[in-house]
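Single-structure report; data block below.
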Amino acid sequence: MSTLVTPSEALIIYSDHILHQIDNLQKVEYNKKGRKYRFVNNTFQRIRQEDKHLIIYPEDLSEKLSFYSAFSILYNINDGDILSQFPSFCSTILGLALKLEENQWYEPENSSIIHLRHSKYDPRDLKDLADEYLAENPIDEKHILMGLNLLMASKLNFLHTDHHIGTKLEGYYMKYFIELYFGQEALVSNDVLIALKSCVHWGNIKGVLYKLSVPNIKIDDELKSNFSNFPDPIEELKRNVYDRYPSGTSKYSLIKKSLEILREWEFARLIPCTLDISWLVDLCHDIESNPIKYHLRSKAKDLCSDPVNLSELNMKYGHAIKEILNYISLIINVFENTGADFLLQNSKIPKLTPDLIKQYHGLYTNLIAINESIQTYLEKSWIAEDIVIRLGECKNSLYNAVNFD
Numbered sequence: 040m041s042t043l044v045t046p047s048e049a050l051i052i053y054s055d056h057i058l059h060q061i062d063n064l065q066k067v068e069y070n071k072k073g074r075k076y077r078f079v080n081n082t083f084q085r086i087r088q089e090d091k092h093l094i095i096y097p098e099d100l101s102e103k104l105s106f107y108s109a110f111s112i113l114y115n116i117n118d119g120d121i122l123s124q125f126p127s128f129c130s131t132i133l134g135l136a137l138k139l140e141e142n143q144w145y146e147p148e149n150s151s152i153i154h155l156r157h158s159k160y161d162p163r164d165l166k167d168l169a170d171e172y173l174a175e176n177p178i179d180e181k182h183i184l185m186g187l188n189l190l191m192a193s194k195l196n197f198l199h200t201d202h203h204i205g206t207k208l209e210g211y212y213m214k215y216f217i218e219l220y221f222g223q224e225a226l227v228s229n230d231v232l233i234a235l236k237s238c239v240h241w242g243n244i245k246g247v248l249y250k251l252s253v254p255n256i257k258i259d260d261e262l263k264s265n266f267s268n269f270p271d272p273i274e275e276l277k278r279n280v281y282d283r284y285p286s287g288t289s290k291y292s293l294i295k296k297s298l299e300i301l302r303e304w305e306f307a308r309l310i311p312c313t314l315d316i317s318w319l320v321d322l323c324h325d326i327e328s329n330p331i332k333y334h335l336r337s338k339a340k341d342l343c344s345d346p347v348n349l350s351e352l353n354m355k356y357g358h359a360i361k362e363i364l365n366y367i368s369l370i371i372n373v374f375e376n377t378g379a380d381f382l383l384q385n386s387k388i389p390k391l392t393p394d395l396i397k398q399y400h401g402l403y404t405n406l407i408a409i410n411e412s413i414q415t416y417l418e419k420s421w422i423a424e425d426i427v428i429r430l431g432e433c434k435n436s437l438y439n440a441v442n443f444d
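For what it's worth, the working numbering labels the leading residue of the sequence shown as 40, then goes sequentially.
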């Protein structure tokens, strides 16, 4: 027999029901192609294994939830062998977790960060073991600095490759720091790799890239304030921002570097070039001055206010890109010792096929003739400078056409 309730009681019951349903949204999950997604921050986001989340409880930092969470993750890697094999590394990860929670340097709650109230387990189940480990392996400022350098190195990897780590340890500075801090054995340890795949995702991408002086990061005042006490990165890390193009733009970097190498070739003044690369010069300058705008996931992660649609960009310049790549292929296949011979192994450079030769028959025939003339004088022991004078510089030469300054 049902019991009648007053309107006010019914409203309270219904309100509780709504709140319960809202809270349950955090637990809505589905699987697609072997990947798990969860509804967080009003959208479905991919999540990794449950034991890879950093569990936080920022309302009470004295609980050190991030520390116990990080310890639990390490403890569950290969039966916890990593804790005894690489204690300094583990102290670094534990110290990093504490600092991220303490200063709110972590990502918004998503696939890598989860609040205690949404966690399926309480990492404090291992509290006694974790406290004992901390007593035997105390965390000091050195560990914090090492952890933050690893974090910054991972965000540079993300900027350049769209991956923090990859299927193996990647990135010059990531490998450099791991070997410097923890030795060669750590560099090739699968357990260390597994741990890094978890912890480097915890740090806030926008905040770290902002501290690395990546221009035009879309960062609000609160996050900027949180990162005001984040240590200044070493200059080498800041310069590394510009050592490679952002993820999604490698083809433009490849073309620019290829043309620059060929321009420095001693016979570049003899090679005809009718290509218009002014668009490429402008584009490369813009990518180099505003890399985050061109990142593959700039829009998806809201990294800047005016992200470029790379698909549209590739469609716009697709034909011009193909023309330049074909031109590069013809030169490095016809001539030897251009300095760009290594490009023959690059999958983005077209192979010298009969169809390519047929498509550029006039240019190909001209290049063959130029090469034969060069070889004739080289056999007579002429130097390159004299050969160029003898044969005469092209009016529209490769040397004159390529200028990215």
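Backbone N, C-alpha and C define an ideal beta-carbon position, used for all residues, glycine too.
Pull the bridge partners of G242 from the DSSP assignment, please.
Paired residue(s): Y145.
Reduced DSSP secondary structure (H/G/I, E/B, other) of H154:
Of the three classes helix, strand and coil, the one that applies to H154 here is strand, per DSSP.
Buried or exposed: where does V427 fall if 16 or more other Cβ atoms within 10 Å of its Cβ makes it buried?
By the 10 Å Cβ count, V427 comes out buried.
What is the C-beta distance between Y284 and L322, in whole angstroms, given that I count them as a contact (C-beta under 8 Å)?
About 11 Å separates the beta carbons of Y284 and L322, which is beyond the 8 Å limit, so they are not a contact pair.
Nonlocal neighbours in the same chain, by C-beta distance under 8 Å from K338, ignoring five residues either side:
Non-local C-beta neighbours of K338 in its own chain, meaning closer than 8 Å and more than five positions away in sequence, comprise P346 and N348, ordered along the chain.
With a Cβ-Cβ cutoff of 8 Å, do E106 and F221 count as a contact?
Correcting the residue type first, residue 106 is Phe in the shown sequence and not Glu. No, they are not a contact pair.
Name the DSSP beta bridge partners of L298, please?
As far as DSSP is concerned, L298 takes part in no beta bridge.
If H182 and S252 are in contact, beta carbons under 8 Å, what's the gap, nearest whole angstrom?
Going by Cβ atoms, the distance from H182 to S252 rounds to 25 Å, so no, they are not a contact pair.
Selected residue, minimal CA-CA separation from E375, among H358, L417 and L335
Of the listed residues, the one whose Cα sits closest to E375 is L417.
Using the three-state DSSP reduction, which class does A440 fall into: helix, strand or coil?
Residue state for A440 is assigned as helix, using DSSP reduced to three classes.
DSSP bridge partner residues for I95 (one or two, in chain order)
Secondary-structure assignment with DSSP links I95 through a beta bridge to H154.
Per the contact definition of three or more C-beta pairs closer than 8 Å, is the segment 152-161 in contact with the segment 192-212?
Taking one beta carbon from each stretch, the segment 192-212 and the segment 152-161 have fewer than 3 pairs nearer than 8 Å; the two do not touch.
Does the beta-carbon distance from I132 to L113 come in below 8 Å?
The beta carbons of I132 and L113 sit closer together than 8 Å.
Buried or exposed (CB count within 10 angstroms, at least 16 for buried), Y281
Classification of Y281: exposed, given that the 10 Å Cβ count is below 16.
I need the straight-line Cα distance from W241 to I178, nearest angstrom please.
Straight-line Cα distance between these residues: approximately 19 Å.
Do you know offhand how far K387's Cα is from N365's?
Computed Cα separation, rounded: 10 Å.
What does a CB cutoff of less than 7 Å around M191 pick up in its chain, not counting 5 residues either side in sequence?
Short of 7 Å from the beta carbon of M191, and not among the five residues preceding or following it, lie these beta carbons of its own chain, in chain order: V247, L251, P272 and L276.
Simplified DSSP assignment, three categories, for N311
Checking the sequence, you will find Pro at residue 311 rather than Asn. Strand.
Helix, strand or coil for S193, going by three-state DSSP, please let me know.
Note: S193 maps to helix in three-state DSSP.
Can you tell me where the alpha helix (DSSP H) holding F221 begins and where it ends?
Unbroken alpha helix (DSSP H) run through F221: Y211 to F221.
Flag this pair as touching only if the segment 403-422 and the segment 297-312 have three or more C-beta atom pairs under 8 Å; answer yes or no.
As far as the Cβ criterion goes, the segment 403-422 touches the segment 297-312, which means the pair count is three or higher.
Proximal residues to Y172 (C-beta, below 6 Å), its chain only, five neighbours per side dropped:
Excluding positions up to five away in sequence, the list is empty.
Between I244 and K166, is the Cβ-Cβ spacing less than 8 Å?
Not closer than 8 Å, so no.
DSSP three-state label for P254, please.
Coil.
In whole angstroms, give me the CA-to-CA distance for F216 and E274.
F216 and E274: Cα-Cα distance of roughly 15 Å.
Near I396, which residues of its chain fall below 7 Å by C-beta distance, leaving aside the five closest residues on each side in sequence?
For I396, same chain residues with a beta-carbon under 7 Å away, outside a window of 5 residues either side, are Y403 in chain order.
Once you ignore the five residues that flank N372 on each side, which residues in its own chain have a CB closer than 6 Å to its CB?
Cβ neighbours of N372 beyond the five flanking positions: L391.
Keeping to the same chain, check which residues put their C-beta closer than 7 Å to that of Y212; ignore five residues upstream and five downstream.
The residues A192, L195, L276 and N279, in chain order, have a CB closer than 7 Å to that of Y212 in the same chain once the five nearest residues on each side in sequence are set aside.
Of all the options S317, L226 and K340, which has the alpha carbon lying nearest to the alpha carbon of D201?
Looking at the Cα atoms, K340 is the closest of the given residues.
Sequence-distant residues of its chain with Cβ nearer than 6 Å to I258 (five each side left out):
Same-chain partners within the cutoff: K245 and Y249.
Is K361 buried or exposed, if buried means 16 or more other CB atoms sit within 10 Å of its CB?
Taking every protein chain shown into account, the CB of K361 has fewer than 16 other CB atoms within 10 angstroms, so this residue is exposed.
Own chain residues within Cβ distance below 7 Å of N353, not counting five before or after
Contacts found: none.
What is the rounded straight-line gap between the Cα of H324 and the Cα of K214?
Taking the CA atoms as reference points, H324 sits about 29 Å from K214.
Count the other C-beta atoms from every protein chain shown that fall within 10 angstroms of the C-beta of P270, then say buried if there are 16 or more, exposed otherwise.
It is exposed - the Cβ of P270 has fewer than 16 other Cβ atoms within 10 Å.
Quick check: the Cα distance between I116 and I204, rounded to an integer number of angstroms?
Going from the Cα of I116 to the Cα of I204 covers about 17 Å.
When we look at the beta-carbon of P330 and count the other beta-carbons within 10 Å, is it buried (16 or more) or exposed?
So P330 counts as buried.
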